[in-house]
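In what follows, a single structure is set out as structure tokens and then discussed.
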Amino acid sequence: MSIPSAQVLALSFGIGTMLAALAGGLITTFFPFTILSGSSYQSKSFVICVLGGLGNPLGALLGGLILGAMEGLIPIALPVSWVPVVEFTLFVLILLIRPSGLLGAQT
Amino acid sequence: MKPWRQPGFWLPLLLVLVGGGVALVLRKDTLREMIFTLLMYVALASSLNILMGYTGYVNFGHIVFFGLGGYTGFYLISQHGWHLIPAALAGGLASALLAALLGLAVLRLRGAYFALATIGINEAARAFVNNFGPFGGPTGLFVNFAVYREYGGAPQALWLTYTLMVLTTLIVVGLSYWIKNSRFGLGLLAIREDEDAAMVMGVRAPTAKTLAYVVSAFFPGIIGTLFFFKNGNVEPGDAFRLHMSIEVLVMIMLGGNGTILGPILGAAVYERLRGYLLTSPIFKSLHLAFAGLALLLIVLFIPAGFIGWLRRRFPFLRRWLE
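These protein sequences, in sequence, are chains C and B.
Quick note on numbering that gives the first Met the number 0: the first sequence kicks off at 0 and runs consecutively.
Quick note on numbering that gives the first Met the number 0: the second sequence kicks off at 0 and runs consecutively.
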């Protein structure tokens with residue numbers, strides 16, 4: 000269909016990277032940040048994507064809000080160190096029960 | 000067809016036996032430590048290859064079995080005074096059990112979803128062990144020096160651990176040859192090529208995949224117990240290190256996905272190269288950057304890995320390089 004797929008993929012990868020860099024720049028303004036901080040945000044972003052639905056922008060927004068709320072609310076009931084346990088268990092469960100996420104994946 | 004007549008069978012075994020035997024004959028401590036690490040990666044890569052190479056399911060969470068088995072075995076040794084051999088077997092069984100429970104559920108997922116789920120399992124396990132009292136929480140477990148008395152002192156215990164590691168590696172390599180040439184393995188290879196077609200042709204894909212997952216999970220459990228017993232302590236950060244999973248993936252891709260000699264060569268080359276990079280003054284903090292670069296170059300230029308490339312380029316070598 001004469002769509003330059005490599006270029007389109009490269010462009011979307013570039014836009015994604017740009018937004019991630021922007022987010023990183025904003026995070027540094029009020030959280031401590033080192034070269035190793037990336038991995039925790041990386042795994043959280045997986046959780047958020049899957050929670051809302053892969054390929055669904057609204058899902059990413061909703062997933063982010065839910066995860067953020069969970070990080071704030073779980074410590075009321077459980078010690079803070081249990082937060083990642085709950086998050087990743089939920090992540091695996093969602094993948095198993097509803098791989099399309101809460102809002103449904105768009106293909 | 001007798002397997003020992005096939006060079007593809009005895010060549011990898013001979014390689015491991017000679018490599019592992021050198022340190023046993025020379026009795027040199029430094030050599031033993033070096034080859035122990037080498038064999039550990041060979042065995043990890045070969046066991047992951049049983050799932051990833053044969054069925055094509057990319058597993059980023061292989062190290063969760065290493066960590067969980069290691070924790071189970073180490074717990075039995077340090078808290079209940081078990082001997083190393085039954086503890087290692089118990090570690091392997093614990094990993095295999097986890098794989099059996101997870102397998103049927105997780106292996107329904109395909110492609111990126113499966114890869115993400117394996118990462119999630121690893122992170123969940125690490126976060127859980129970090130909070131699990133009996134396993135020592137974030138500080139982990141230590142072994143009391145008195146446990147070495149059972150083996151006749153610490154040096155003997157280390158030699159026993161090393162010998163067991165050589166044996167485990169031999170078993171993994173032999174088993175991966177046997178699986179590849181069995182009816183079960185042919186079913187797995189069919190799943191790799193086209194899962195739906197394989198199911199139509201009568202391969203019981205869910206059972207076969209789960210069995211491959213269980214087999215590939217059993218050995219990291221044993222290896223984990225041996226490794227942490229040698230180290231004398233175990234911590235969540237060491238046991239569930241995600242980038243170790245990725246390094247094992249790089250090793251398989253480097254040597255050749257789905258071959259038997261490939262993971263052995265890939266692990267040996269990568270591990271020695273990393274040893275060099277870590278100690279050289281120029282590259283010492285860049286070894287992971289190198290791993291990423293190597294994976295990128297392999298995927299771009301020789302997706303079949305070194306052994307796969309050799310097999311394609313020189314067909315007469317296929318009998319030798321299984």
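Even for Gly, the Cβ is constructed at its ideal location relative to N, Cα and C.
It should be emphasised that the depicted structure is a prediction, and the values quoted were computed from it without experimental measurement.
Thr88(C) reaches chain B at Ala123, counting residues in chain order whose Cβ is nearer than 7 Å. Interface annotation, Tyr112(B): in contact with chain C, CB-CB separation under 8 Å.
Taking C-beta separations shorter than 8 Å and ignoring five residues to either side along the sequence, the partners of Ala303(B) in its chain run Gly255, Asn256, Arg310 and Arg311, following chain order.
Residue environment for His61(B): buried (at least 16 other C-beta atoms within 10 angstroms of its C-beta).
In summary, Leu106(B) is buried, with 16 or more beta-carbon neighbours lying within 10 Å of its beta-carbon over all protein chains present.
Ser45(B) is a Cβ neighbour of Ser175(B), given a cutoff of 8 Å.
Residue pairing by DSSP puts Val233(B) in a beta bridge opposite Leu140(B). Distance between Gly220(B) and Leu72(C), taken at the CA atoms: about 36 Å. The Cβ-Cβ distance between Phe239(B) and Arg317(B) does not fall below 8 Å. Sequence-distant partners of Gly7(B) (beyond 5 residues in either direction) whose C-beta falls short of 6 Å from its own C-beta, in its chain, are Glu321. Straight-line spacing of the CA atoms in Ala68(C) and Asn55(C) works out to 20 Å. Taken through DSSP and simplified to helix, strand or coil, Asp28(B) comes out as helix. Considering only Thr29(B), Leu166(B) and Ala288(B), the residue with the shortest C-alpha distance to Leu14(B) is Leu166(B). One alpha carbon belongs to Leu260(B), the other to Val21(B), and they sit about 19 Å apart.
Just so you know, the alpha carbons of Leu23(B) and Phe35(B) end up roughly 11 Å apart. Taking a beta-carbon distance threshold of 8 Å, Leu294(B) does not count as an interface residue toward chain C. The Cβ-Cβ distance between Val233(B) and Ala42(B) does not fall below 8 Å. Residue-level contact check: Ser1(C) does not touch chain B, since none of the beta carbons of chain B fall below 8 Å from its beta carbon. When the Cα atoms are used, Phe218(B) and Ser38(C) turn out to be separated by approximately 28 Å. A residue is called buried once 16 or more other Cβ atoms fall within 10 Å of its Cβ, and Asn143(B), having fewer, is exposed. Annotation: Cβ neighbours of Val105(B) in chain C (cutoff 9 Å, chain order): Val91, Leu94 and Leu95.
With three or more CB-CB distances shorter than 8 Å, the region 80 to 89 of chain C counts as touching the region 113 to 132 of chain B. Judged by DSSP secondary structure, Tyr161(B) falls within the alpha helix (DSSP H) whose first and last residues are Ala153 to Lys179.
The straight-line gap separating the alpha-carbon atoms of Leu101(B) and Tyr269(B) is approximately 30 Å.
The Cβ of Gly119(B) sits closer than 8 Å to at least one Cβ of chain C. Look at Met0(C) here: in three-state DSSP terms it is coil, with no helix or strand label. Within the model, the alpha-carbon separation for Trp319(B) versus Gly307(B) is close to 12 Å. Under the rule that a run must span 4 or more residues, the alpha helix (DSSP H) segments found entirely inside the region 180 to 215 of chain B read 182 to 192 and 194 to 199.
Looking at the backbone, the Cα of Arg148(B) and that of Gly72(B) are separated by about 18 Å.
Between the region 220 to 229 of chain B and the region 153 to 168 of chain B there are three or more inter-stretch CB-CB distances shorter than 8 Å, so the stretches are counted as touching. Counting along the chain, the unbroken alpha helix (DSSP H) around Glu86(C) starts and ends at Val82 to Ile96. A direct Cα-to-Cα measurement between Phe45(C) and Phe30(C) gives close to 20 Å.
Secondary structure of Asn48(B) (DSSP, three-state): helix. When the beta-carbon positions are compared, Ala207(B) and Phe183(B) come within less than 8 Å of each other. Residue range Ile62 to His79 is occupied by the alpha helix (DSSP H) that includes Phe65(B). Taken atom to atom, the span from the alpha-carbon of Ile118(B) to that of Ala211(B) is near 19 Å.
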